[in-house]
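Everything below concerns the one structure shown next.
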Amino acid sequence: MLQQNIRDFGMYIALLVIVIVFAVATKGVFISPRNISNLINQTGYIAVLAVGMTLVIIIRHIDLSVGFLAGFLGAMAAIALVFWKLPVFVVIPLILGFGILAGLLNGFLVAQMRIPAFVATLAGWLGYRGALQLATVKTGTIIIPNEAFNAIGNGFIPDIPLPGILPGVHKATLLIGFIILAAYVSGAIRDRQKTRAYDFKVPPLNIFVTRLVCTAAVIFLLTWILAGYRGLSWTAVVILIIFLLYHFITTQTVLGRHIYAVGGNPEAAQLSGISVKKITYVVFASMGMLSALSGMLFASRLRSATTQAGTLFELDAIAAAFVGGVSASGGVGKVSGSIIGALVMASLTNGMNLLGVDISYQYIVRAAVLASAVIFDVATRNRTV
Amino acid sequence: MMEKRPVVEMRNIKKNFGGVQALRGVDLVLYKNEVLGLVGDNAAGKSTLMKVLSGAYIPDEGEIFIEGNRVELASPMHARQLGIEMVYQDLALADNLDVAANVFLGRELCRRKIGPLSILDKHAMEQETTRLLDRLKIDIPSVRANVEKLSGGQRQAIAIARATAFNTRVTIMDEPTAALSVAASRKVLDLVRELKAQGNSIIIISHRLEDIYQVSDRLIVLRQGRKVCECPVVGGLDEFREQVLAYIIGARDDFAGGGQEGS
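Those sequence lines, one after another, are chains H and L. Counting the first sequence from 1 gives a position; this note's numbering is that position plus 190. Counting the second sequence from 1 gives a position; this note's numbering is that position plus 5.
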């Protein structure tokens, strides 16, 4: 059973090892509430890209344009806020809309013009890099003075005002954590009962309980740590919403099923009446929207749009997806895995920064982790169970 | 006679590719609850003829009738809507999905819709798949198993089951045993017999004359885009094979029942 699920467990084990190593090496600083909170915010803008990239890689494509698209759209958000004086609640949907348009353009090149995604999005990489420089050429870095916008990357959710009860603990975070915990546990148990009611095999009880307890413990610990600090950050809320939305789409809907089918066997999908073209458009449009979100998260976090924003984001996102178990040959990958992958990569950077590891060694360590992840993927894939 | 009702009738089908005449006026009739074998050498036109019937090719000339009604097949989807299903040689399954997902690929059952998103009814699809596979006596470990974990014979069986699952009038099988071991081939042929016993109408293309002999009621031989033989499958295997081979390679050419070039 463990062997069968080693692909799923692999990255969780990797993350656990990384956390333990850094926790010991930094004498606990790595797992301090402040650093954990910081780590989640650092992961945010790559995690949302990794989610979109997961779907792109599942349908056997790649999108290199997302980094500078994120940078460019972050700058557009700053321009809209600072120079066009638009309110935040207009800017966010506007920029997301721009992202969707940019994604549809990639979709058009790939699905309609049949240009290999690597080339089509490389053109995007160059184009959006130029666009970012154009957008910031007169002003240089654009400072964003809008506090509501900056809160997305820096702020925390408000607490429930209950004076006297649990002082020093962020009660809203605690409440949300427990709701998630309860939903997860009851969902897992209900799913198991349902499966058994339909006469399908279920994993042995001890493995089921172990997995349930481990996951529940992680959710609880994370909640406790965050509640003890300043609570759930808005970035964490964004990651959570994106995770829930995409997890739902990929596992429960016809659209998700069709995305996997197109990745597994495009010819078979087409013969079954699935429009490969439509799926390609949808996946690239979602990638564009998530690029916009990533760009805004980053700009908000820095409280400014810089001329170099988005540099190498695309490669970090692709690496996060592969570390998270997405298969290079298409058709295989989970949204949850890619978020964990992003967390693994961000943890490495964060932990090595805390330890003062030279940046050149940092790249080499991250290279080794990425290569191991892909070797692991290939090795566990070829073994038929 | 009730039993001799044609499901499919193709009349004088012609198809050219550039200067090459792939089909030179072929007639084909498939009766209800019949297994029709279609044989011929490479480039004899059997795959082209079946691609015309499954909507992948539009014929240059000729008429197609489905249960007596004339149809113009515009696309594979259109043919499918009319109940013509093709099982492709190269296994049209998505390896990364499980058995139930493959059986229902492209026609998923839904519980409800939220905006543009349709929610899958996984349990209903799994139950339906289990029922379908039981009915066809197809033995697989679980409908939740990914098809990449299954053997070639099991995968072919699922591809066939999937083609026959949804009010199918005609199932076309293109070399269903080509890539399989002897034991797996036997199982697939058992499945063809089972499907016939349950009332299906099937056209089967094969290079293996033994396979055709074992499961078919009738046989059509194509040669260079013409029908050169149409006969019931009777007699001993050796005799059958000798006779059919003679037509396939062109040693005999005494059939007068069709294939005239209308010029």
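Backbone N, C-alpha and C define an ideal beta-carbon position, used for all residues, glycine too.
Expected contact under 8 Å - CB spacing of residue i and residue j to nearest Å
{"i": "Asp32 (chain L)", "j": "Gln94 (chain L)", "result": "That pair is no contact at about 24 Å."}
{"i": "Ile177 (chain L)", "j": "Val92 (chain L)", "result": "7 Å"}
{"i": "Lys19 (chain L)", "j": "Glu66 (chain L)", "result": "4 Å"}
{"i": "Leu35 (chain L)", "j": "Val12 (chain L)", "result": "5 Å"}
{"i": "Leu185 (chain L)", "j": "Val197 (chain L)", "result": "Not quite, the Cβ-Cβ distance comes to about 13 Å (not below 8 Å), so this is no contact."}
{"i": "Ala509 (chain H)", "j": "Leu560 (chain H)", "result": "5 Å"}
{"i": "Ser211 (chain L)", "j": "Thr182 (chain L)", "result": "7 Å"}
{"i": "Gln159 (chain L)", "j": "Ile145 (chain L)", "result": "5 Å"}
Endpoints, alpha helix (DSSP H) assigned at residue i
{"i": "Leu316 (chain H)", "result": "Ala307 to Ala325"}
{"i": "Phe410 (chain H)", "result": "Leu395 to Gly418"}
{"i": "Met479 (chain H)", "result": "Val466 to Leu492"}
{"i": "Pro283 (chain H)", "result": "Val278 to Gly297"}
{"i": "Asn540 (chain H)", "result": "Val525 to Leu545"}
{"i": "Arg246 (chain L)", "result": "Leu242 to Ile254"}
{"i": "Phe258 (chain H)", "result": "Val256 to Val272"}
Start-to-end residues for the beta strand (DSSP E) that takes in residue i
{"i": "Thr176 (chain L)", "result": "Val175 to Asp179"}
{"i": "Asp32 (chain L)", "result": "Val25 to Tyr36"}
{"i": "Met91 (chain L)", "result": "Ile89 to Val92"}
{"i": "Ile207 (chain L)", "result": "Ser206 to Ile210"}
{"i": "Gly67 (chain L)", "result": "Glu66 to Ile71"}
{"i": "Lys118 (chain L)", "result": "Cys115 to Ile119"}
{"i": "Lys20 (chain L)", "result": "Pro11 to Phe22"}
{"i": "Val219 (chain H)", "result": "Neither: Val219 (chain H) is in no beta strand (DSSP E) and is coded neither H nor E."}
{"i": "Val44 (chain L)", "result": "Val40 to Gly45"}
{"i": "Ile439 (chain H)", "result": "Looking at the DSSP string, Ile439 (chain H) is not in any beta strand (DSSP E); the run it does join, the alpha helix (DSSP H), is Trp424 to Gln442."}
{"i": "Leu224 (chain L)", "result": "Arg223 to Arg228"}
Alpha-carbon spacing of residue i relative to residue j, whole angstroms
{"i": "Val76 (chain L)", "j": "Ile63 (chain L)", "result": "12 Å"}
{"i": "Gly257 (chain H)", "j": "Leu502 (chain H)", "result": "6 Å"}
{"i": "Gly453 (chain H)", "j": "Ile247 (chain H)", "result": "8 Å"}
{"i": "Glu337 (chain H)", "j": "Arg386 (chain H)", "result": "51 Å"}
{"i": "Val564 (chain H)", "j": "Ala164 (chain L)", "result": "31 Å"}
{"i": "Glu90 (chain L)", "j": "Asp567 (chain H)", "result": "36 Å"}
{"i": "Ala150 (chain L)", "j": "Leu284 (chain H)", "result": "44 Å"}
{"i": "Leu43 (chain L)", "j": "Val392 (chain H)", "result": "45 Å"}
{"i": "Leu435 (chain H)", "j": "Ile370 (chain H)", "result": "15 Å"}
{"i": "Ser519 (chain H)", "j": "Ala511 (chain H)", "result": "13 Å"}
{"i": "Ile379 (chain H)", "j": "Val403 (chain H)", "result": "12 Å"}
{"i": "Ala48 (chain L)", "j": "Gly242 (chain H)", "result": "46 Å"}
{"i": "Leu141 (chain L)", "j": "Gly367 (chain H)", "result": "49 Å"}
{"i": "Ile397 (chain H)", "j": "Thr570 (chain H)", "result": "20 Å"}
{"i": "Asn38 (chain L)", "j": "Ser147 (chain L)", "result": "30 Å"}
{"i": "Lys51 (chain L)", "j": "Ala27 (chain L)", "result": "9 Å"}
{"i": "Met6 (chain L)", "j": "Leu200 (chain L)", "result": "A caution first: Met6 (chain L) carries a pLDDT of 43, below 50, which makes its placement in the model unreliable, though a value can still be read off. Going from the Cα of Met6 (chain L) to the Cα of Leu200 (chain L) covers about 22 Å."}
{"i": "Glu457 (chain H)", "j": "Met15 (chain L)", "result": "27 Å"}
{"i": "Val209 (chain H)", "j": "Ile203 (chain H)", "result": "10 Å"}
{"i": "Met191 (chain H)", "j": "Leu395 (chain H)", "result": "Per-residue confidence for Met191 (chain H) stands at a pLDDT of 45, beneath the threshold of 50, marking its modelled position as unreliable; the derived number appears in the next sentence. Approximately 12 Å, taken between the alpha carbons."}
{"i": "Gly500 (chain H)", "j": "Val516 (chain H)", "result": "22 Å"}
{"i": "Ser268 (chain L)", "j": "Asn21 (chain L)", "result": "Model confidence at Ser268 (chain L) stands at a pLDDT of 33, short of 50, so the residue's coordinates are unreliable; what they give is reported in the following sentence. If you take the alpha carbons of Ser268 (chain L) and Asn21 (chain L), they lie about 14 Å apart."}
{"i": "Gly263 (chain L)", "j": "Ile254 (chain L)", "result": "Only weak support exists for where Gly263 (chain L) lies, its pLDDT of 45 falling under 50; the coordinates are left without a value."}
{"i": "Arg116 (chain L)", "j": "Arg420 (chain H)", "result": "41 Å"}
Residue from the options with nearest C-alpha to residue i
{"i": "Phe438 (chain H)", "options": "L:Leu125, L:Lys192 and L:Ser221", "result": "L:Leu125"}
{"i": "Val272 (chain H)", "options": "H:Phe262, H:Ala495, H:Leu245 and H:Ile230", "result": "H:Ala495"}
{"i": "Val444 (chain H)", "options": "L:Lys37, L:Leu114, L:Val233 and L:Ile89", "result": "L:Leu114"}
{"i": "Val472 (chain H)", "options": "H:Gln460, H:Leu487, H:Ala458 and H:Ile449", "result": "H:Ile449"}
{"i": "Leu245 (chain H)", "options": "H:Gly293, H:Gln552 and H:Leu416", "result": "H:Gly293"}
{"i": "Gln552 (chain H)", "options": "H:Asn225, H:Thr539 and H:Leu560", "result": "H:Thr539"}
{"i": "Ala79 (chain L)", "options": "L:Gly60, L:Asn205 and L:Pro181", "result": "L:Gly60"}
{"i": "Arg136 (chain L)", "options": "L:Gly158, L:Ser156 and L:Val108", "result": "L:Val108"}
{"i": "Gly446 (chain H)", "options": "L:Gly111, L:Met82 and L:Gly23", "result": "L:Gly111"}
{"i": "Asp243 (chain L)", "options": "L:Leu214, L:Arg231 and L:Gln229", "result": "L:Leu214"}
{"i": "Asn205 (chain L)", "options": "L:Arg29, L:Val40 and L:Arg10", "result": "L:Val40"}
{"i": "Ala189 (chain L)", "options": "L:His128, L:Gly157 and L:Arg10", "result": "L:Gly157"}
{"i": "Asn17 (chain L)", "options": "L:Arg29, L:Val25 and L:Gly24", "result": "L:Arg29"}
Contacts that residue i makes with chain H (C-beta to C-beta distance below 7 Å)
{"i": "Gly111 (chain L)", "result": "Ser462, Gly463 and Ile464"}
{"i": "Ser156 (chain L)", "result": "What Ser156 (chain L) touches in chain H: nothing, since even the nearest Cβ is about 10 Å away."}
{"i": "Leu102 (chain L)", "result": "Tyr450, Ala451 and Gly454"}
{"i": "Pro81 (chain L)", "result": "Leu461"}
Proximal chain L residues relative to residue i, where beta-carbon distance stays under 7 Å
{"i": "Arg447 (chain H)", "result": "Ala106, Glu113 and Leu125"}
{"i": "Thr443 (chain H)", "result": "Leu122, Ser123, Ile124 and Leu125"}
{"i": "Lys391 (chain H)", "result": "Ser147"}
Chain L contact residues for residue i, given Cβ-Cβ distances below 8 Å
{"i": "Tyr388 (chain H)", "result": "His128, Glu131 and Gln132"}
Listed by chain order, chain H residues near residue i by CB distance under 8 Å
{"i": "Pro237 (chain L)", "result": "What Pro237 (chain L) touches in chain H: nothing, since even the nearest Cβ is about 33 Å away."}
{"i": "Met178 (chain L)", "result": "Chain H residues near Met178 (chain L): none, gap ~14 Å exceeds 8 Å."}
9 Å Cβ cut-off: residues of chain L touching residue i
{"i": "Ile439 (chain H)", "result": "Leu122"}
{"i": "Gly521 (chain H)", "result": "Ala99, Asp100, Asn101 and Leu102"}
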